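Just below is one structure, and these are the notes that go with it.
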Amino acid sequence: MIEELMEKAYSCFSKGSTTDSKERCNNNNKILNNSNKIGSSNILPRLLHSFQLAYTYNDDDNNRNNNKINSTTYPTPEILIPTSLPPDGDLDQAFENLLKEFDLSKEQNEYLRNQPKEKKWLMIVEQTIRQGQSSRQESCEYYVDLLSRYILVFPDGNDTSGASQQIEELAICLRTESASYLESFVSLGGLEKLTKLVELSLKKPSRDKTVLPILQCLRALMNSSIGREAVLCNESKTLYYIAGTILFPNTRCKLLALSLLSGVCLLSEEGHSSVLKSLTKASKIFGERSRFQRLLDELNKEQEEKKDTEKVRIAIMGLLNALLKSGISERSLQFRLQLRYEMLMLGLQEVIDKLKNSGNQTLEDHFELFEMMREEDELEFNSLISTSSSDSSFDYESPNVMVDIILRKLDNSIALPYFINILQNLLMLPSDMKNIPIWKLYSLILQQLLIQINSGDLEYSTYVDDTYKLNLDQLMARLKTQIDYDQLNKRFEDLQEELSSEKQKIIELENRLSDLHDGGSPDCFSRISELSSNPSDPCHSPTPTISSNASNTLSYINKNAPIPPPLPPPSTLGHGQSKHLKNKNVPKSDSPLKSINWSIIPQEKIPGTIWETIEDEKLYKQLNLPSIATCFSSLKQDENSLDNSNMNTLTRRLKSDNLISVIDSRRAQNCTIMMSKLKMTNKEIKNALLNMNEKNKIPKDMIEQMLKFVPTVDEIGLLNEVVQKYKSPAILAPADRFLYEVSTITRYEERLKCINIIRTFSEKVDELSPSMEAVLKASNALSTNSRLKMLLSLILAIGNFLNQGKHNGNAFGFHSRSLSSVTDVKYSCRGDRNLLHYIVAMIEEKYPNVVTLIKDLKIVNEASRVNETEVKNELKVLESSLHFLIEELKVQKQLIKETKEYNEEVTNIIEEVDENYVSKRIIPTTRNNKENDKFVCVVGSFLSASKITLKNLQRTYIKYQESLNTCLKYFGEDNKMISGENFFGNFAKFLNSFEECRNTLIVEKEEHERIKRNTFMKKQFPKKIGKQCKNHFKRSQEKDFEKLLTAIQSGEIFHDELNRLRASFRETKVNRRIIAIS
């Protein structure tokens, strides 16, 4: 192990071959092993003097030490032979400086610290030699100066090859030199000069040969934590120009640029945001209208070589998937959806569909990963916004569906008017090409607002372009101020209106009080009575006003009579008189009357008032008291309008339109509601009934409602009485008219029942037949399924093992109800796990074919909902219904025969009609005109077909009973002790529990794999979530950027996620597309 790390360390500081390094290492080890045999007291001071230059320098005098090394004569190998070790403190300090140069991970640093002192010393000596041997041309100053000269005069034409070779040498140095070398290169402005050269290269497409080694330099620089930090601290200018190099026709340039962007994107959240902003700004270089447009064009484009085409497509899909799987996209569903829909809007799905089945497995994996991540995100988003089970999945391509979802989401919300206003504004927006940018602006504004709303504690500005940046906090503060002002203004106006109303009431009350104090007039009482309750309300003591009826009554008074004195004082009758108070002589009424709800003045206060001189008792002789009693009677009905025999059943209501109702008010109201739903006239209803509803004009549910409103014998008598009295049924209220019309149909109730039987017979058969078929199939499935037999064997074996030596042990079988007891046996160490979890895990591992029994026994769930008693009763109902139809058909045929005789009798009666068209005999009104009656025809044809159906159903029922009994007997059950519903229910519950346990284990396994994958990723490419500090990338000390780029190009970085999604979506996915906007 130590030899490998030493080899890696040596290779970082030498451009020599690996073989030379190994030989030097072996020679040094031999020298080190023989060091005790060598004794020379004069070598150590010179060795320490040479070594001192390596372990005592610091960052401040780094350049000074380098100059000393360069000016010092290089020590010979003999002088650097380690004969003894320096002090422990000096050795540890020098070794720590050496580890900083290696830029290794914490684990590797810790491993090297645990090595023997001799090996540490050997590594220090080797490093000192390499620093002393570095040439002037390999120094940072030389390469930085060289890049400066190229910026002033960019190498074109013949100078291209020489410049490219020198820049390639720089890339080798950046890849192999120490961390201090890279730090010096960055501090001297090397990164800025490389970025400037890339910028200059973009001005001419012919400079692709020069830009390739520059990109290699950037790749080598970003392979260290120092270089990555410098790139991200460069305000994304470097990444911006790297993104621009995708435009070059050179395939190697495209691949290198795409891999660098993908790698930075996956390293951290800061890198993700920088790459996203770089691609946004690069739209100016690409000349594209929308972000990602150039990437999609390159994805759809054919390169010169087929293998290059596949490589470029893999790199592009790797970048797109990296954008969707890292940074804020990894933990923000809304941001991830927005980013993906932005890509899909440009036609990405169409390109993927076109390039599928290309034969390249890596590219196919990238396509599959993109589609499955999309489906998973949409399912998760559906679960967040769904308001019902019907919304669990909907089409994101349909504007109508999405608008409906939004309307349901905003239902009963004050935000709904704003949404409607947005739609109204969009309707007014022109749709021509000139105004397309305005639509894009709408989209950008909504995207930014959503990003800011969902960003949480993150700085949203790192994910949006500064050109279109909006400050949501400022906008919301202004809007909130305006809303508060509008609310306060409305509240102020409401209070003003309320204040004015209260003032008006106060004035009115003051006027009334003044009238009372001055001795109130009848007008005052009239005004008071207008505020009282309804006089007809028996729960109060109301005060009726002086109505028009009273005025009309007064008109009967003799016009020649003298003008009466003012109104008498209010009567005190009914208020309880004291013994010493005088009682007035007020006539009594034969019937109860309504009362005046007035406030009386006590008798002791009457003297001295106007009421003392009023003689109201004398007026009773002048008043038409019977008329008053009739007008203001408190009886609810007229006692003299009907005969005593019909007092309790007949109620007459004279409405404003002079229609009469004689049926119960509640029944009439419900009947009217039923008629409003029918939306048919009485004539149409009658014709439909006579035609046996042959054209289904009356819905099935309305037939059931009509059965509730069959007129009774008493109602028919009352209705006929009113019609005969007024000589027309038009006088009847709607509900009464309906009942009268249907009562003229012979055997109306029986006819309605027959229609209902005909309408519901097929539906009942369709419900009954599948239920029996489900039991037949379930019985056969349980009896013949070998997987179920294997599962029951496992349960029996494990159960006997657990019950060994107990009273319920040594079992040879168990009842189906005992299946539920499997889940009652809990784990000893985990309360959330039971025996069924263990059995499922064992089946997954050792008997994977048994798992599919869930699909084989799906019919058991359906059979568990079939009740044997209900099936039997339903079959009897069908039999009795057909029997009822047969009997009613006989009756109707008999009526048809009687009708012929009846018609002859009617002819004789017509001859006896007198000249006033009044018949001398009463013709019964319940006879039908049989010419339009299709009862016999419809019922006869129905019976001929339904008898066959019923016989087939009876045969199925016999098979149903036999199959169920056979199955119960097969499983050791007694059909007298357990019903089929309970038997299948036991298995259905067990199978559902089996599936739940299996899903729980799958989720637990996926979670374990996710944690394992995240742990691995954190070790390989650690990152922090939240705000990034300036020295964020210094925590990643391992040189793994090259491994990351290799994993991206091969697709290996997404393999774990792809496998997880494949396990989640085992069934065939529905290919969904999204509208592409070119």
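When we follow UniProt numbering, the leftmost residue of the sequence shown carries the number 1, and every step to the right adds one. The beta carbon of each residue, even a glycine, is placed where N, CA and C say it ideally should be. All values derive from a computational prediction rather than experimental measurement.
Residue i versus residue j - alpha carbon distance
| i | j | result |
| --- | --- | --- |
| lysine 1027 | proline 399 | The predicted position of lysine 1027 is uncertain, since its pLDDT is 37 and thus under 50; no value can be drawn from it. |
| isoleucine 436 | leucine 446 | 16 angstroms |
| methionine 433 | asparagine 849 | 60 angstroms |
| arginine 1060 | asparagine 321 | 15 angstroms |
| leucine 718 | valine 662 | 7 angstroms |
| aspartate 353 | glutamine 293 | 17 angstroms |
| leucine 1058 | glutamate 368 | 8 angstroms |
| isoleucine 1002 | glutamate 380 | 18 angstroms |
| residue 1096 | glutamate 371 | Absent from the model: residue 1096. The displayed extent of the chain is 1 to 1078, so no value can be given. |
| glutamate 192 | leucine 427 | 50 angstroms |
| valine 877 | valine 822 | 41 angstroms |
| isoleucine 405 | asparagine 412 | 14 angstroms |
| arginine 289 | leucine 247 | 15 angstroms |
| lysine 753 | leucine 707 | 8 angstroms |
| threonine 481 | asparagine 489 | 12 angstroms |
Exposure of residue i, with buried meaning 16 or more beta-carbon neighbours within 10 Å
| i | result |
| --- | --- |
| arginine 1062 | exposed |
| tyrosine 485 | exposed |
| serine 828 | exposed |
| arginine 491 | exposed |
| glycine 972 | exposed |
| proline 699 | exposed |
| residue 1081 | In this structure the chain extends from 1 to 1078, so residue 1081 is not present and cannot be described. |
| glutamate 715 | buried |
| serine 317 | Just to set this straight, residue 317 is methionine in the shown sequence, not serine. When all chains shown are included, methionine 317 counts as buried. |
| cysteine 937 | exposed |
| asparagine 425 | exposed |
| glutamate 604 | exposed |
| methionine 402 | exposed |
| leucine 531 | Low confidence applies to leucine 531: its pLDDT is 40, below 50, so where it sits in the model is not reliable enough to give any reading. |
Among the options, the one whose alpha carbon lies nearest that of residue i
| i | options | result |
| --- | --- | --- |
| glutamine 705 | Ser771, Ser514, Tyr726, Ile755 | Ile755 |
| lysine 117 | Ala94, Gln108, Lys106 | Ala94 |
| lysine 277 | Asn583, Leu339, Ile420 | Leu339 |
| aspartate 832 | Glu996, Pro417, Met702 | Glu996 |
| glutamate 342 | Leu732, Ile316, Lys440 | Lys440 |
| aspartate 1056 | Leu146, Arg667, Ile1011, Cys253 | Ile1011 |
| residue 1142 | Ile758, Arg751, Cys253 | Residue numbering for the chain in the displayed model covers 1 to 1078; residue 1142 lies beyond these limits and cannot be assessed. |
| leucine 170 | Lys204, Phe990, Cys217 | Cys217 |
| glycine 359 | Glu183, Val586, Thr309, His883 | Thr309 |
| aspartate 297 | Ser273, Leu346, Lys284 | Leu346 |
| lysine 989 | Lys846, Leu836, Asn965 | Leu836 |
| leucine 221 | Asn696, Cys140, Pro587, Met675 | Cys140 |
| isoleucine 839 | Gly799, Ala778, Tyr396, Glu288 | Gly799 |
| valine 723 | Glu397, Tyr960, Ile660 | Ile660 |
Cβ-based neighbour list, residue i, same chain, cut-off 8 angstroms, excluding 5 preceding and 5 following
| i | result |
| --- | --- |
| phenylalanine 987 | Leu782, Ser816, Leu819, Leu857, Val860, Ser864 |
| glycine 940 | Leu889 |
| alanine 1047 | Ile1053 |
| leucine 212 | Ser164, Asn250, Arg252, Cys253, Leu256 |
| threonine 925 | Because the pLDDT of threonine 925 is 42, which lies under 50, any placement of that residue in the model is unreliable, and the question is left without a value. |
Same chain, Cβ closer than 6 angstroms to residue i, five either side skipped, listed in chain order
| i | result |
| --- | --- |
| serine 656 | Residue placement at serine 656 cannot be trusted, given a pLDDT of 38 that sits under 50; what the coordinates show is reported in the next sentence. Taken in chain order, the list of residues that qualify is empty. |
| tyrosine 748 | Val742 |
| glutamate 750 | Glu888 |
| phenylalanine 942 | Ile758 |
Cutoff 7 angstroms; reference residue i; Cβ partners in own chain excluding five residues on either side
| i | result |
| --- | --- |
| lysine 237 | Thr195 |
| lysine 976 | none |
| isoleucine 167 | Pro213, Ile214, Cys217 |
Closer than 8 angstroms: residue i CB and nearest the ligand NAD heavy atom
| i | result |
| --- | --- |
| glutamine 961 | Questions concerning the ligand NAD fall outside what the structure shown contains, since it holds no ligand whatsoever. |
Closer than 9 angstroms to chain C by CB, residue i
| i | result |
| --- | --- |
| glutamate 1052 | As a matter of chain content, chain C is missing from the structure shown, which is built from one protein chain. |
Hey, which unbroken runs of the alpha helix (DSSP H) at 4 residues or more fall wholly within the stretch 926-1004? Counting only runs of 4 or more, we get 935-970.
Run through the stretch 323-402 for me and flag every whole alpha helix (DSSP H) of 4 or more residues, listed as ranges in chain order. Correct list: 333-345, 348-355, 361-385.
With a floor of 4 residues, list each alpha helix (DSSP H) that falls wholly inside the stretch 168-256, ordered by position along the chain. Segments of the alpha helix (DSSP H) lying fully in the stretch 168-256: 179-187, 190-201, 208-221, 225-232, 237-244.
I'd like the ranges of any alpha helix (DSSP H) spanning at least 4 consecutive residues and lying wholly in the stretch 759-807. 786-802
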